[in-house]
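Undergrad: Sharing a structure with you now.
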Amino acid sequence: MKVKVLLILLIGLLLHYSCSNSPQKPAGSPAAADSPEHYGSGYSSPESENDFPVNYFSPVEIADLFQKIGVPFSTEYLASPIDPRTLTTSFDKAVTLGILCADLGYMNMYEMTGSFPDLIASIKTLAEDLGVSQFFDFDAITRLSFNKSNMDSLLFLSLTSYSQADHYLRENDLGHLSVLMMTGVWLEGQYLTVKVFEKYSDPKLKDRIGEQKLFLNHLIETIKNYCGKDTQFERLCSDLRKLNDSYTDVRISYTRGEPVATKKGKGLAIQQTETSNVEMSQEQLARIMEASAGLRNNLIKKN
C-alpha cells in the first residue's frame, strides 16, 4: 500500500494529477488493467484539469522504498548541479525545473542537504524565468524542508503553490509548461529507480518500473496536444512513444485486499488496499531501462 508523501514544491504536481479521480481497479484482471477502458472517464485534457486517474509513484515514495530495502544515498544518480543560465528555451527550463524538484525530494528523504541551498537557488531562478515564482514562498519552503515533522505543512504549501502556478499557466495559454514540469518530475523518478535497480535488483523496484506503463500512457495522451508546437516537443513526443513501445508486452493486474481503517482527526478513514502483479521479462525490463535513461539524459543540460 503506497503512502503518498510530499516533501517539496513541484513533487506535489504529480500527486495533484495522480490522486484525483482515481478509479477502482478490477481485481485480478490483467487485460482490464492495461486497456484504455480501465482508466475510466476521469481523464481530462490539458485544457481542463490535467487530472490523471492512475496512481503515480513519486520520487519521494521511491526514495522511501530505497531506504526500506537498504539502498544508501548516492549523488551519482542526480542531475544537479545545473546552471539555469545555460538554459535558453522555456522547454528546457520547465523540464529541468521538474527534474531538480524530483532530485530535491530524493535528497531530503535521505536528509542530505549539503547542496540544498544551491538547488533551491536553481529552482528559484527557473521559476522566475518561467514567470511562476510569485506562487512559491521559497523562504517558507526552505525553512520547512529542514524538519520532517513539518511535512504536512510543506505538503499543503507545495500543493497550494503548484495549483496556483498551474492555473496561471493554463489561463495564460502556457499549459505546455505545466506538462513539461510534470514530465521532468516523472522522468527523474523513473531514472532514479532504473539506476538503483542496476545495483540493487530488488523485485519491488522491478515492479515499480513496470507499473509506470499506466502513467506513461496518460502522459503521452496529455502531451500529444503539444507535439506539433516546435521541434523540441516533436522530439520529446517521439522519444516518449519509443519508451512506451518498450512497455508493449508488459502486463499488469491487481488483486484487491482487505480495507484498512486508519485514524483521521476525530474519525476513521477507510482505505482500500491492493497488490499488483507485473508480468515483464528481463529483456523487456532491459529495454525499458535503456530507453528511460536515454530519454532522461537527452533532456538534461549540464554545465
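Using this note's numbering, the first residue of the sequence shown is number 8, and each one after it goes up by one. Virtual Cβ for every residue (Gly too), placed ideally from N, Cα, C.
Below 7 Å CB to CB, which residues in the same chain sit around F78 once its five sequence neighbours on both sides are set aside?
TA: Position 71 of the sequence shown, counting from 1, holds the residue named residue 78. Phe is not the amino acid found at residue 78; the sequence shown has Val there. Around V78: V203, Y207.
Undergrad: Work out the CA separation of T200 and P66 for me, nearest whole Å.
TA: Here the question's residue 66 lines up with position 59 in the sequence shown. Here the question's residue 200 lines up with position 193 in the sequence shown. Distance between the alpha carbons of P66 and T200: 9 Å.
Undergrad: Ordered along the chain, which non-local residues of its own chain (more than five positions away) have a Cβ less than 7 Å from that of V102?
TA: As a working mapping, residue 102 is identified with position 95 in the sequence shown. Hits under 7 Å: L187, T190, G191, L306.
Undergrad: For G264, count neighbouring C-beta atoms within 10 Å of its own C-beta (all shown protein chains included) and say buried if the count is 16 or more, exposed if not.
TA: Here residue 264 refers to the residue found at position 257 of the sequence shown. So G264 ends up on the exposed side.
Undergrad: At the level of alpha carbons, what is the spacing between A293 and E228?
TA: Locating residue 293 in the sequence shown gives position 286, counting from the first residue. Locating residue 228 in the sequence shown gives position 221, counting from the first residue. Their Cα atoms are separated by approximately 24 Å.
Undergrad: Express the C-alpha separation of D237 and M296 in angstroms, rounding to a whole number.
TA: Here residue 296 refers to the residue found at position 289 of the sequence shown. Here residue 237 refers to the residue found at position 230 of the sequence shown. Taking the straight line joining both Cα atoms gives about 27 Å.
Undergrad: Determine the DSSP secondary structure at S260, reduced to helix, strand or coil.
TA: Here residue 260 refers to the residue found at position 253 of the sequence shown. Strand at S260.
Undergrad: Using the Cα positions of P266 and L111, report the straight-line distance between them to the nearest angstrom.
TA: Counting from one through the sequence shown, the residue named residue 266 turns up at place 259. Counting from one through the sequence shown, the residue named residue 111 turns up at place 104. Roughly 33 Å between the two C-alpha positions.
Undergrad: If contacts are defined as beta-carbon pairs under 8 Å, then L104 and I130 qualify, I think. What distance do you get, rounded to the angstrom?
TA: To locate residue 104, count along the sequence shown from 1; it is residue 97. To locate residue 130, count along the sequence shown from 1; it is residue 123. About 6 Å; that satisfies the 8 Å criterion.
Undergrad: Return the chain-ordered list of same chain residues with a C-beta closer than 8 Å to the C-beta of I76, the five sequence neighbours on each side being excluded.
TA: For the purposes of this step, residue 76 is taken as the residue at position 69 of the sequence shown. For I76, where only same-chain residues beyond five positions count, the Cβ hits under 8 Å are Y207, D209, K211, L212.
Undergrad: Going by CA-CA distance only, name the one from S140, M116, Q279 that's closest to Y175.
TA: Taking the sequence shown and counting its residues from 1, one reaches residue 175 at position 168. Nearest in C-alpha terms to Y175, of all of S140, M116, Q279, is S140.
Undergrad: Looking at the strands, I want to know which residues DSSP matches up with N284.
TA: For the purposes of this step, residue 284 is taken as the residue at position 277 of the sequence shown. DSSP, once it has assigned bridges, lists S260 as partnering N284.
Undergrad: Quick one: what does DSSP say G235 is sitting in, helix, strand or coil?
TA: Counting from 1 along the sequence shown, the entry for residue 235 is found at position 228. Three-state result, G235: coil.
Undergrad: Less than 8 Å between the C-beta atoms of D146 and P91, yes or no?
TA: Here residue 146 refers to the residue found at position 139 of the sequence shown. Here residue 91 refers to the residue found at position 84 of the sequence shown. No, the Cβ-Cβ distance between D146 and P91 is not below 8 Å.
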